[in-house]
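In the numbering used here, the protein residues as written are 4 to 255. For every residue, glycine included, the Cβ atom is placed at its ideal position computed from N, Cα and C. Contents: one structure, followed by commentary.
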């Protein structure tokens with residue numbers, strides 16, 4: 004599926020910054036739509052910096068770090084994603100922001116410079132991938148959003164919401180309104196702030212675990228007479244229920 008490539012420079016309501024010194028203004032960023040803008044190696048570095056895994060059940064290291072993604076698989080995923088949104092920032096601004104300094108104070112840009120920095124995207128050699136998100140879709144009815152991630156030093160600055168807004172804008176422009184987001188419990192509040200809510204049908208996301216449930220491995224298979232009952236994880240059948248099932252089977 005062809006993906007439209009469009010560059011959008013992020014803008015802010017005012018060039019005046021908050022007087023609160025603890026609230027640093029976000030540096031100028033550029034938002035692009037299209038997989039051609041994303042280098043799989045840069046994406047791998049971004050995912051690693053944010054400790055984000057594209058797998059729902061990653062094999063974490065002892066210190067809680069997710070394994071680095073395979074660049075070849077990222078390349079394939081980018082090519083087959085219906086929508087890809089990336090966010091870039093100039094290297095110097097990322098370095099200054101990560102050091103804790105206010106980029107607007109260290110760089111001392113004039114109002115005209117700030118306007119140009121927002122209006123003119125940085126060159127490919129002078130920018131760092133600081134945000135990413137993608138969606139997969141059947142192209143006509145439904146889509147799902149995956150892997151929304153922002154570099155830690157620029158989180159909580161509205162970049163993630165811009166990514167989701169751009170993805171949903173592209174999808175709805177194609178007539179796709181059944182949009183879901185696969186997220187963890189920690190990401191739930193973020194997606195709610197982006198306009199997502201509970202599924203009215205009460206659907207539950209289920210993940211393929213490669214092997215069927217096994218009694219010895221996770222104790223979710225219960226035997227009741229000649230029946231094998233599959234119990235959802237975290238729940239146990241009481242002995243009374245099991246005995247009742249067994250009595251029913253004997254009577255039959």
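- Message: For residue 137, report the span of its beta strand (DSSP E) as first-last.
- Response: The residue you call residue 137 lines up with position 134 of the chain shown. Note, residue 137: beta strand (DSSP E), 130-140.
- Mind checking residue 94: buried by the 16 CB within 10 Å criterion, or exposed? Mapped onto the chain shown, residue 94 falls at position 91. It is exposed - the Cβ of residue 94 has fewer than 16 other Cβ atoms within 10 Å.
- Query: Of all the beta strand (DSSP E) runs that stay within the bounds of the region 19-102, which reach a length of 3 or more residues?
  - Reply: 32-36, 86-93
- Look at the Cβ atom of residue 85, then the Cβ atom of residue 174, and state whether they are nearer than 9 Å. In the chain shown, counting from the first residue as 1, residue 85 sits at position 82. In the chain shown, counting from the first residue as 1, residue 174 sits at position 171. For residue 85 and residue 174, yes; Cβs fall inside 9 Å.
- Do the CB positions of residue 151 and residue 190 come within less than 9 Å of each other? In the chain shown, residue 151 corresponds to position 148, counting from 1. In the chain shown, residue 190 corresponds to position 187, counting from 1. Residue 190 is positioned such that its CB atom lies closer than 9 Å to that of residue 151.
- Simplified DSSP assignment, three categories, for residue 187: Indexing the chain shown from 1 puts residue 187 at position 184. Assigned with DSSP and collapsed to three states, residue 187 falls in coil, not helix or strand.
- Distance, residue 69 Cα to residue 180 Cα: Numbered from its first residue, the chain shown carries residue 180 at position 177. Numbered from its first residue, the chain shown carries residue 69 at position 66. Cα to Cα, the separation comes out at about 32 Å.
- Item | Counted within 10 angstroms of its Cβ, other Cβ atoms place residue 169 as buried (16 or more) or exposed | Counting from 1 along the chain shown, the entry for residue 169 is found at position 166. Around the beta carbon of residue 169, 16 or more other beta carbons sit within 10 angstroms, so the residue counts as buried.
- Task: Please confirm if the region 158-168 is in contact with the region 132-139, defined as three or more CB-CB distances below 8 Å between the two stretches.
- Result: yes
- Query: So, are the CB atoms of residue 91 and residue 34 less than 9 Å apart?
  - Reply: Indexing the chain shown from 1 puts residue 91 at position 88. Indexing the chain shown from 1 puts residue 34 at position 31. Cβ atoms of residue 91 and residue 34: closer than 9 Å.
- Task: Could you spell out the range, first to last residue, of the beta strand (DSSP E) harbouring residue 145?
- Result: The residue labelled residue 145 in the question sits at position 142 within the chain shown. Looking at the DSSP string, the run of the beta strand (DSSP E) that includes residue 145 is 145-153.
- Query: Looking at the structure shown, is residue 170 part of a helix, part of a strand, or coil, going by DSSP?
  - Reply: Along the chain shown, read from residue 1 onward, the residue named residue 170 stands at position 167. Here residue 170 sits in helix by DSSP.
- Three-state secondary structure (DSSP) of residue 162: Here the question's residue 162 lines up with position 159 in the chain shown. If DSSP states are grouped into helix, strand and coil, residue 162 belongs with the helices.
- Item | residue 172 versus residue 143: straight-line alpha-carbon distance, rounded | Locating residue 172 in the chain shown gives position 169, where the first residue counts as 1. Locating residue 143 in the chain shown gives position 140, where the first residue counts as 1. Roughly 15 Å between the two C-alpha positions.
- Message: Suppose the cutoff is 8 Å on Cβ atoms and the five residues either side in sequence are ignored; what does the same chain contact list for residue 139 look like?
- Response: For this step, residue 139 is matched to residue 136 along the chain shown. Result list for residue 139: 83, 84, 85, 146, 147, 149, in chain order.
- Excluding sequence positions up to five away, which residues of its chain have a Cβ less than 8 Å from the Cβ of residue 155? As a first step, residue 155 must be located in the chain shown, where it is residue number 152. Closer than 8 Å at Cβ, skipping near neighbours: 52, 53.
- Outcome for residue 63 when other beta-carbon atoms lying within 10 angstroms are tallied against a minimum of 16: Position 60 of the chain shown, counted from the first residue, corresponds to residue 63. Its Cβ having fewer than 16 others within 10 Å, residue 63 is exposed.
- Can you say whether residue 203 is buried or exposed, counting buried as having 16 or more other CB atoms within 10 angstroms of its CB? The residue you call residue 203 lines up with position 200 of the chain shown. So residue 203 ends up on the exposed side.
- Message: So, at 6 Å on beta carbons, what are the nonlocal neighbours of residue 157 in its own chain, with the 5 sequence-adjacent residues on each side left out?
- Response: Stepping through the chain shown from its first residue, residue 157 is reached at position 154. Closer than 6 Å at the Cβ level, and outside the excluded window around residue 157, lie 133.
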